[in-house]
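J.:
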Amino acid sequence: MDASKNQTDPRIVRTRHLIKEAFVDLLKEMDIEKMTVSKIAARATISRVTFYLHYRDIPDMLEKMADDMIEDIQQILYARTEEQYSSNADWLVLTSLLEHFAEHSSFYKETLGSRKTPIFMGRLSNELTKMITERIKEKGNAKIGNGDEEIQTDIAMWYGSSALIGTIVAWLRNDLPYTPHFLAKQFYLLAHKMEIDNLLN
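Here UniProt numbering is used: position 179 in the sequence shown is 179, and no number is missing along the way.
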């Protein structure tokens, strides 16, 4: 069957959504090592056979879910509209990214807000680091700062991605106490105050 058809077939989309919801529910109750295909299938109200039509095993399920997560995030990070070429482009992108996390907070709270499934945190960290690196290259900056107080690009890149991810994770763990718009604005202001605006703008 054509891969693109798989992505749009309503039955496939619905089944994978059920599996994803079951996985998130079970992750609240147990470590990933204790999770089985039978438990996921039962929680999703599908058969084991149906599960295996979509995934080879649980590691394959995690890989594909992480792929889907990164695809969704990439669409946000690299979407370029006329408005996003303005001076506050990255603030708009960050707002959209946080809105995405808020919309799917149940999934992200369990996959990013705990240490049970490091694959998701690892993939997100790689993607945000790549995005920040590309932003720096777009600006043509080899270093940040002036004179003897220049900061190496790789150090600034690590700092920027860690700060962003850490803020998102804390926000999720605390049940989204701020709106995506407010949090994005706060992070944007904080970045400027800490003189790392060249990283994010």
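Beta carbons are placed, not taken as given, at the ideal position from N, Cα and C, and that holds for glycine.
#1: So who's on the other strand from Gln74, going by DSSP bridges?
#2: Output the distance between the C-alpha atoms of Asp68 and Met61, rounded to the nearest integer angstrom.
#3: Count the CB pairs spanning the region 120–139 and the region 35–53 that are closer than 8 Å, and state whether there are at least three.
#4: Can you tell me which of the three DSSP states Asp60 falls into?
#5: Quick one: what does DSSP say Ser47 is sitting in, helix, strand or coil?
#6: For residue 244, which of helix, strand or coil comes out of DSSP?
#7: Which class does Ala163 belong to by DSSP, given the choice of helix, strand or coil?
#8: Can you tell me the Cα-Cα spacing of Pro180 and Leu18, whole angstroms?
#9: Identify whether Ala102 lies in helix, strand or coil by the three-state DSSP scheme.
#10: Short check: CB of Tyr78 to CB of Leu172, under 8 Å?
#11: Go to Ala79, then tell me how far its alpha helix (DSSP H) extends in each direction, as first and last residue.
#12: Okay, do the region 91–98 and the region 108–119 touch, 3+ Cβ pairs below 8 Å being the bar?
#13: Is the beta carbon of Thr8 closer than 8 Å to that of Thr50?
#14: Report yes if the C-beta distance between Phe101 and Ile168 is below 8 Å; otherwise report no.
#15: Assuming Asp90 and Arg48 form a contact by the criterion Cβ under 8 Å, report the distance between their Cβ atoms to the nearest whole angstrom.
#16: By a C-beta neighbour count over all protein chains shown, 10 Å radius and 16 as the cutoff for buried, is Ala170 buried or exposed?
#17: Looking only at its own chain, which residues have a Cβ that is under 8 Å from the Cβ of Glu63, when we skip the five neighbours before and after it?
#18: Output needed for Lys39: all residues of its chain with C-beta closer than 7 Å, excluding positions within five of it in sequence on either side, in chain order.
#19: Note down the Cα distance separating Val37 from Pro59, rounded to an integer number of angstroms.
#20: Kindly indicate which three-state DSSP category Glu127 falls into: helix, strand or coil?
T.: Taking the definition as stated:
#1: Taking the sequence shown and counting its residues from 1, one reaches residue 74 at position 74. For Gln74, which the question treats as bridged, DSSP gives no partner whatsoever.
#2: Taking the first residue of the sequence shown as position 1, residue 68 is located at position 68. Taking the first residue of the sequence shown as position 1, residue 61 is located at position 61. Whole-angstrom Cα-Cα distance: 11 Å.
#3: no
#4: Counting from 1 along the sequence shown, the entry for residue 60 is found at position 60. Looking at Asp60 - three-state DSSP - the assignment turns out to be helix.
#5: The sequence position of residue 47 within the sequence shown is 47, counting from 1. Reduced to three states, the DSSP call for Ser47 is coil.
#6: Since the displayed the chain opens at 1 and closes at 201, residue 244 lies outside it and no answer follows.
#7: Counting from 1 along the sequence shown, the entry for residue 163 is found at position 163. Three-state DSSP puts Ala163 in a helix.
#8: To locate residue 180, count along the sequence shown from 1; it is residue 180. To locate residue 18, count along the sequence shown from 1; it is residue 18. Roughly 27 Å between the two C-alpha positions.
#9: Taking the sequence shown and counting its residues from 1, the one referred to as residue 102 is at position 102. Helix at Ala102.
#10: By one-based count along the sequence shown, residue 78 stands at place 78. By one-based count along the sequence shown, residue 172 stands at place 172. No, the Cβ-Cβ distance between Tyr78 and Leu172 is not below 8 Å.
#11: Looking up residue 79 in the sequence shown gives position 79. Premise fails: Ala79 is in no alpha helix (DSSP H) and is neither H nor E.
#12: no
#13: Taking the first residue of the sequence shown as position 1, residue 50 is located at position 50. Taking the first residue of the sequence shown as position 1, residue 8 is located at position 8. Result no, Cβ atoms of Thr50 and Thr8 do not sit closer than 8 Å.
#14: Stepping through the sequence shown from its first residue, residue 101 is reached at position 101. Stepping through the sequence shown from its first residue, residue 168 is reached at position 168. Cβ atoms of Phe101 and Ile168: closer than 8 Å.
#15: Position 90 of the sequence shown, counted from the start, is the residue given in the question as residue 90. Position 48 of the sequence shown, counted from the start, is the residue given in the question as residue 48. Not really, about 45 Å apart at Cβ, beyond 8 Å.
#16: As a working mapping, residue 170 is identified with position 170 in the sequence shown. Counting Cβ neighbours within 10 Å, Ala170 comes out exposed, since fewer than 16 surround it.
#17: Position 63 of the sequence shown, counted from the start, is the residue given in the question as residue 63. Taken in chain order, the residues that qualify are Ile119.
#18: Looking up residue 39 in the sequence shown gives position 39. Taken in chain order, the residues that qualify are Leu26.
#19: Start at 1 with the first residue of the sequence shown, and residue 37 comes out as number 37. Start at 1 with the first residue of the sequence shown, and residue 59 comes out as number 59. If I take the Cα positions, the gap works out to 11 Å.
#20: The sequence position of residue 127 within the sequence shown is 127, counting from 1. In the structure shown, Glu127 sits in a helix (DSSP, three-state: H, G or I).
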